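Enquirer: Numbering of the sequence shown is given in full-length UniProt numbering, commencing with residue 1 and proceeding in unit increments.
Below is the structure I would like to discuss, written out as structure tokens.
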Amino acid sequence: MSNNIILTSVDYANIIRSMAYRLHGVRLNKTQVNKLLYMCYGFYLAAASNRLFEEQPHAWPYGPVFPSVYKSFDRYQPPFSISEDKVNVFAADQTAVHIVRSVIDNYCHVSAYDLSMWSHKPGGPWNITAYGKGGDEKPVWNKIIDDSLISDYFRRKP
Numbered sequence: 001m002s003n004n005i006i007l008t009s010v011d012y013a014n015i016i017r018s019m020a021y022r023l024h025g026v027r028l029n030k031t032q033v034n035k036l037l038y039m040c041y042g043f044y045l046a047a048a049s050n051r052l053f054e055e056q057p058h059a060w061p062y063g064p065v066f067p068s069v070y071k072s073f074d075r076y077q078p079p080f081s082i083s084e085d086k087v088n089v090f091a092a093d094q095t096a097v098h099i100v101r102s103v104i105d106n107y108c109h110v111s112a113y114d115l116s117m118w119s120h121k122p123g124g125p126w127n128i129t130a131y132g133k134g135g136d137e138k139p140v141w142n143k144i145i146d147d148s149l150i151s152d153y154f155r156r157k158p
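This is the structure:
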């Protein structure tokens with residue numbers, strides 16, 4: 001009955017963790033998982049004009065964060081807890097598979113610090129959401145980062 005399964009941000013975070021470990025031997029920390037998930041969300045939104053999953057990223061002080069992923073992450077939990085049904089749902093979306101694999105192959109070795117610096121670039125969706133278009137407003141935290149900002153940004157391929 002995998003037709004009725006809808007993958008969540010936490011499911012995709014676990015897929016990313018599992019693939020990074022299986023393919024590259026990399027154990028991702030909480031920051032890396034959120035940043036790579038944000039990349040996958042952005043590239044998918046730009047390519048498919050749809051969200052990869054329902055939850056939208058929020059502008060937190062340390063960059064774009066998916067609150068459900070942040071709250072559920074346990075660095076001691078092995079990243080292998082993905083049901084076969086969920087893997088099949090993921091595998092059926094070839095756009096998602098291609099994007100997730102590409103993000104993992106290209107960015108799983110990048111440090112949490114460098115990923116955070118990338119996500120904080122002036123003019124990026126997080127920066128505009130937190131600090132306004134001019135980048136000089138008092139920051140507003142926990143605000144949802146608008147999909148149109150994300151889609152436009154990732155169409156330009158950061």
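Where is the CB? At the ideal position from N, CA and C, for every residue including glycine.
These numbers were taken from a predicted model, which means no experiment stands behind them.
Considering only the beta carbon of each residue, do threonine 8 and serine 68 sit closer than 8 Å?
Expert: Translated into positions along the sequence shown, residue 8 becomes position 8. Translated into positions along the sequence shown, residue 68 becomes position 68. Contact flag set, yes.
Enquirer: Per DSSP, histidine 58 forms a beta bridge with which residues?
Expert: Translated into the one-based positions of the sequence shown, residue 58 becomes position 58. Answer is Val65 and Ile144.
Enquirer: Going along the chain, which residues of its own chain have a beta-carbon closer than 8 Å to the beta-carbon of arginine 51, five neighbours each way excluded?
Expert: Counted from its first residue, the sequence shown places residue 51 at position 51. Counting only Cβ-Cβ distances below 8 Å, and skipping sequence neighbours, we find Tyr41, Tyr44, Leu45 and Asp147.
Enquirer: Can you tell which of Lys30, Met117 and Trp126 has the C-alpha that lies nearest to the C-alpha of serine 151?
Expert: Here residue 151 refers to the residue found at position 151 of the sequence shown. Ranking the options by Cα distance to serine 151, first place goes to Trp126.
Enquirer: Within a Cβ cutoff of 8 Å, which residues of the same chain sit near glutamate 54, ignoring the five residues on either side of it in sequence?
Expert: Residue numbering aside, residue 54 sits at position 54 when the sequence shown is read from its first letter. Answer for glutamate 54: Ile6, Thr8 and Ser9, listed in chain order.
Enquirer: How about leucine 23 and isoleucine 104: are their beta carbons less than 8 Å apart?
Expert: Locating residue 23 in the sequence shown gives position 23, counting from the first residue. Locating residue 104 in the sequence shown gives position 104, counting from the first residue. Taking 8 Å as the Cβ cut-off, leucine 23 and isoleucine 104 qualify as a contacting pair.
Enquirer: Of all the options Lys86, Ala130, Ile128 and Cys108, which has the alpha carbon lying nearest to the alpha carbon of asparagine 4?
Expert: Residue numbering aside, residue 4 sits at position 4 when the sequence shown is read from its first letter. Ranking the options by Cα distance to asparagine 4, first place goes to Lys86.
Enquirer: Within the continuous alpha helix (DSSP H) that includes lysine 86, where are the two ends?
Expert: Here residue 86 is taken as the residue at index 86 of the sequence shown, counted from 1. Looking at the DSSP string, the run of the alpha helix (DSSP H) that includes lysine 86 is 84–92.
Enquirer: Leaving out five residues on either side along the sequence, give the residues of the same chain with a beta carbon under 6 Å from the beta carbon of phenylalanine 73.
Expert: Reading the sequence shown from its first residue, position 73 is the one you call residue 73. Same-chain partners within the cutoff: Lys30.
Enquirer: Cα separation between serine 116 and alanine 48?
Expert: As a working mapping, residue 116 is identified with position 116 in the sequence shown. As a working mapping, residue 48 is identified with position 48 in the sequence shown. Going by the C-alpha atoms only, they are around 25 Å apart.
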